[in-house]
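Peer 1: Sharing a structure, written as structure tokens. Questions coming.
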Amino acid sequence: MVALTIACSPGREAFHFDEMTYSPNETVFRLFAPADADCYVQLGDDSLHMQLDNDSIWTVTAFGDQKGKTYEFVVNGVASPGVFAKAVTVNGQKAVVVDMRDSDPKGWESDTPVRRPAQDIVIYEMHHRDFSVARPDAKYPGKFLALTEPWAIDHLKTLGVNAVHILPSYDYGSVDETRLDEPQYNWGYDPVNYNVPEGGYSTDPTNPLCRIREFKQMVQALHKAGIAVILDVVYNHTYDIEHSNFQRTYPDYYYRIIQNTQTIQNTQNTQNTQKKYSNGSGCGNETASEKPMMRRFMVESVKYWVNEYHIDGFRFDLMGCHDIETMNTIRRELDAIDPTLFIYGEGWSAGECALPSEQLATKANVSQLPRIAAFSDELRDALRGPFSDDTKMGWLGLSSTSGCDADLGALKESIKFGIVGGIAHPQVDQSLVNYSKEAWAKEPTQMISYVSCHDDMCLVDRLKASVSGITDDVLIRLDLLAQTAVFTSQGVPFMLAGEELLRTKQGVHNSFESPDSINQIDWANKERYPEVFDYYSRLIALRKNHPAFRLASADLVRKHLEFLEAPDGVVAFRLKDHAGGDSWDNIIVILNACATEQTITVPQGSYTVVCHDGHIDEMGLKTFTAGSFAVAPFSASILRD
Ligand code: CA
5 MVALTIACSP GREAFHFDEM TYSPNETVFR LFAPADADCY VQLGDDSLHM
55 QLDNDSIWTV TAFGDQKGKT YEFVVNGVAS PGVFAKAVTV NGQKAVVVDM
105 RDSDPKGWES DTPVRRPAQD IVIYEMHHRD FSVARPDAKY PGKFLALTEP
155 WAIDHLKTLG VNAVHILPSY DYGSVDETRL DEPQYNWGYD PVNYNVPEGG
205 YSTDPTNPLC RIREFKQMVQ ALHKAGIAVI LDVVYNHTYD IEHSNFQRTY
255 PDYYYRIIQN TQTIQNTQNT QNTQKKYSNG SGCGNETASE KPMMRRFMVE
305 SVKYWVNEYH IDGFRFDLMG CHDIETMNTI RRELDAIDPT LFIYGEGWSA
355 GECALPSEQL ATKANVSQLP RIAAFSDELR DALRGPFSDD TKMGWLGLSS
405 TSGCDADLGA LKESIKFGIV GGIAHPQVDQ SLVNYSKEAW AKEPTQMISY
455 VSCHDDMCLV DRLKASVSGI TDDVLIRLDL LAQTAVFTSQ GVPFMLAGEE
505 LLRTKQGVHN SFESPDSINQ IDWANKERYP EVFDYYSRLI ALRKNHPAFR
555 LASADLVRKH LEFLEAPDGV VAFRLKDHAG GDSWDNIIVI LNACATEQTI
605 TVPQGSYTVV CHDGHIDEMG LKTFTAGSFA VAPFSASILR D
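Each residue of the sequence shown is one higher than the one before, counting from 5 in the numbering used here.
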């Protein structure tokens, strides 16, 4: 039996996008929608007219136990699950009244989040389907639950990464959840319901609680293994405007609109205003984070994922579309929960945003975004060549074809900028750095250090595309060298899943909807190239065992990190004087991108070589006393005394 009443609602000020509040006695519905609209809730077979409170907040209470019923908000005849559904039917079409406690897996109340200081995080970026769909012994290929399986946990733990960054895992639209028996693939950058897990990754998308419970089981298993869970969040755009839940509940509120006013030359001399949506996202629309309720939505959404799903951090897609104030508000409100919740994002947009550039959360403005990090395309592109041209070489490729005589000065300076973690350093000539003529990070933990990620070629493919005639031996050498630069950098290291198994996407750059045959990880490579996995895992262990590689502040980096004289195809630096309290007094890292052996003069000392010619052993591979040290072609050496 459903009865209506005007709920005692607090108005917009205290509205927390609590669109559905369930209790066994009553369910309260609230919606942010235009004050002059006609709003009702379609709850099962009942239509409940909503009452306008002040400030565009509409409410209605349904008495009695409504659990399990579907509902939609209908605004001026247009139905949607609202913008903050917590549970949905298949394909996210309708929202469902649930008691979230019913979705908790066994032991959920004792699940402990995994949160570390930013400098200690090692990020592994993965797509659910890529990771497990081709794993022969996976019980749940392509599902959330794959990450609860022993083979998966064992792989991640042996590799040593301590944070998994999962590509969009909220409900997105490009995979039809009603025909999951057919192979379907998408990265998922087309959000439908921002606050519900994607049904395509669950074992039963028709059961509203299933995707929620299985997502939590995944988080629980990773947390038990000491691995943090970072969510890729895409608040900057929706798949389209017309069908988005934002537009269906409050037309045009959530988007940035450019008004084009044209005077039409006719007899009336009419003013014709043509509405145009700004396209800073490159997807046809961009949301308006600066508007109070869009900002509120983003804040409430990340807090909901933290509180309900125990998420440990967020990667903001096209963070450069959002405004600085919103990102700082998110930082502040997450701090109130746990200051070690990690936030980073793409410090750029995909087009021009309809907001002044000085207000945008771009890489150039990271100094105004304390404890928020951005990806360094300086280091990435210096190592492997620019995003815009897959065949163009970076420092790795250039050295291999032209010996060490090419003009590699600028590339080398960009790599040095990455090594220091994007901060100002007296030995980095910023005027030579590829994209940033000013150091943009205030602290090294504000820079994400990487050489490849999902929306690009894998490292292997890139090396093949840019270094003509590359042999398998050189390919592996350059691959390991590139990652040595990343993992000895003072930025927060980040790797694409599968790189440790020499992953290939068969040369496809933008594989967002490519079939499994392109995107899947080939697990047979683990046996095929055991030396590669071994090097990656030892490299990550080296970083984790030695605080010198992860100094927490810019001042410490400037104090302890110095670059050594080296030829252009070589970058060499020293972490000196027990940097960061390291048990090792001095550590020397030499990165040689040349096809020939190179020698550099190392300061006086009695050294143990812990990395050389494609091998890592912290106990020591050989010893060395001062003088000229020879570093093998296309490889890194690391010495300590
Ligand atoms: Ca979906």
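Glycine included, each C-beta is placed from N, C-alpha and C at the ideal position. Predicted model only: the values in this text are computed from it and were never measured.
Using the beta-carbon count (16 or more within 10 Å), is Met130 buried or exposed?
Peer 2: Flag for Met130 reads buried.
Peer 1: Buried or exposed: which applies to Thr210, given that a residue is buried once 16 or more other Cβ atoms fall within 10 Å of its Cβ?
Peer 2: Classification of Thr210: exposed, given that the 10 Å Cβ count is below 16.
Peer 1: Quick one: what does DSSP say Ala11 is sitting in, helix, strand or coil?
Peer 2: Here Ala11 scores only 44 on pLDDT, less than 50, and its place in the model is too uncertain to base an answer on.
Peer 1: For Asn332, tell me which candidate among Tyr189, Glu312, Trp309, Leu364 has the shortest Cα-Cα distance.
Peer 2: Answer by Cα proximity: Leu364.
Peer 1: Measuring only the C-alpha atoms, how far is Gln524 from Ala138?
Peer 2: Whole-angstrom Cα-Cα distance: 6 Å.
Peer 1: Can you list, in chain order, the stretches of the alpha helix (DSSP H) that have 4 or more residues and sit fully within the region 540 to 602?
Peer 2: The qualifying runs are 558 to 564.
Peer 1: With H, G and I counted as helix, E and B as strand and the rest as coil, what does DSSP make of Leu322?
Peer 2: Reduced to three states, the DSSP call for Leu322 is coil.
Peer 1: Assuming Lys416 contacts Asp572 under a Cβ cut-off of 8 Å, what Cβ separation, rounded to an integer in Å, is found between them?
Peer 2: That pair is a contact at about 6 Å.
Peer 1: May I ask you to list the residues that DSSP assigns as paired with Ile604?
Peer 2: For Ile604, which the question treats as bridged, DSSP gives the partners Phe633.
Peer 1: Within the present structure, is the beta-carbon of Asp103 separated from the nearest heavy atom of ligand 1 by less than 6 Å?
Peer 2: Asp103 Cβ: outside cutoff for every heavy atom of ligand 1.
Peer 1: Among Asp621, Pro637, Tyr439, Trp527, which residue has its Cα nearest to the Cα of Arg480?
Peer 2: The amino acid occupying residue 480 in the given sequence is Ile; Arg does not appear at that position. Answer by Cα proximity: Pro637.
Peer 1: Tell me whether Glu202 counts as near ligand 2, meaning its Cβ is closer than 6 Å to at least one heavy atom of that ligand.
Peer 2: In terms of ligand content, the structure shown lacks ligand 2 and carries ligand 1 instead.
Peer 1: State the Cα-Cα distance for the pair Pro430 and His582, rounded to the nearest angstrom.
Peer 2: Whole-angstrom Cα-Cα distance: 20 Å.
Peer 1: Is any heavy atom of ligand 1 found at a distance shorter than 6 Å from the C-beta of Glu181?
Peer 2: Yes.
Peer 1: Since Val496 and Ala122 should fall inside the 8 Å C-beta cutoff, what is the C-beta to C-beta distance between them, to a whole number of angstroms?
Peer 2: Going by Cβ atoms, the distance from Val496 to Ala122 rounds to 6 Å, so yes, they are a contact pair.
Peer 1: Please classify Ile642: is it buried, with 16 or more other beta-carbons within 10 angstroms of its beta-carbon, or exposed?
Peer 2: It counts as buried.
Peer 1: Note down the Cα distance separating Val238 from Leu387, rounded to an integer number of angstroms.
Peer 2: Taking the straight line joining both Cα atoms gives about 28 Å.
Peer 1: Does DSSP classify Tyr510 as helix, strand or coil?
Peer 2: For the record, residue 510 in the displayed sequence is Gln; it is not Tyr. Of the three classes helix, strand and coil, the one that applies to Gln510 here is coil, per DSSP.
Peer 1: Excluding the 5 residues preceding and the 5 following Gly177 in the sequence, name in chain order all residues of the same chain whose CB lies nearer than 7 Å to its CB.
Peer 2: These residues qualify, in order along the chain: Asp194, Val196, Tyr243.
Peer 1: Identify the residues that DSSP records as bridge partners of Asp327: which are they?
Peer 2: Note: Asp327 sits in a beta bridge opposite Leu364.
Peer 1: With DSSP collapsed to three states, give me the class of Glu442.
Peer 2: Coil.
Peer 1: Looking at C-alpha atoms only, which residue of Met397, Arg34, Tyr174, Asp520 is the closest neighbour of Leu56?
Peer 2: If we check each option's Cα against that of Leu56, Arg34 comes out closest.
Peer 1: Could you say which of Val79, Thr74, Ser114 lies nearest to Asp103 if we only look at CA atoms?
Peer 2: Of the listed residues, the one whose Cα sits closest to Asp103 is Thr74.
Peer 1: Flag this pair as yes or no: are the beta carbons of Gly86 and Ala99 separated by less than 7 Å?
Peer 2: Result yes, Cβ atoms of Gly86 and Ala99 sit closer than 7 Å.
Peer 1: Can you give the beta carbon distance from Ala378 to Gln434, rounded, assuming they're within the 8 Å contact cut?
Peer 2: With 8 Å as the limit, Ala378 and Gln434 do not qualify as a contact, their Cβ atoms being about 17 Å apart.
Peer 1: Taking buried to mean at least 16 other C-beta atoms within 10 Å of its own C-beta, is Asp393 buried or exposed?
Peer 2: So Asp393 ends up on the exposed side.
Peer 1: Hey, Arg384 and Tyr439 are a contact pair by Cβ (cut 8 Å); roughly how many whole angstroms apart?
Peer 2: Actually they are not in contact, since the Cβ atoms of Arg384 and Tyr439 sit about 10 Å apart, beyond 8 Å.
Peer 1: Suppose you measure from the CA of Glu23 to the CA of Ile61; what does that come to, to the nearest Å?
Peer 2: Cα-Cα distance, rounded: 10 Å.
Peer 1: Going by CA-CA distance only, name the one from Phe250, Lys307, Ser305, Met297 that's closest to Asn289.
Peer 2: Cα-wise, what sits closest to Asn289 is Phe250.
Peer 1: Using the rule of at least 16 other Cβ atoms within 10 Å of the residue's Cβ for burial, across every protein chain shown, is Asp327 buried or exposed?
Peer 2: So Asp327 ends up on the buried side.
Peer 1: Looking only at DSSP bridge pairs, what is Asn197 linked to?
Peer 2: Asp175, per the DSSP bridge assignment.
Peer 1: Residues in the same chain with beta-carbon distance under 7 Å from Ser557, minus the five sequence neighbours each way, listed in chain order, please.
Peer 2: Correct list, in chain order: Glu447.
Peer 1: Consider the C-beta atom of Asp175 and the heavy atoms of ligand 1; say whether any pair is separated by less than 6 Å.
Peer 2: Checking every heavy atom of ligand 1 against the Cβ of Asp175, one is found closer than 6 Å.
Peer 1: I'd like to confirm something about Gly86: is its beta-carbon nearer than 6 Å to some heavy atom of ligand 1, or not?
Peer 2: No, Cβ of Gly86 sits at least 6 Å from all heavy atoms of ligand 1.
Peer 1: Kindly indicate which residue of Val561, Met499, Val310, Val613 has the alpha-carbon position closest to the one of Arg119.
Peer 2: Here the closest residue by C-alpha is Val310.
Peer 1: Within 6 Å: the Cβ of Gly96 and any heavy atom of ligand 1?
Peer 2: At least one heavy atom of ligand 1 is nearer than 6 Å to the Cβ of Gly96, so yes.
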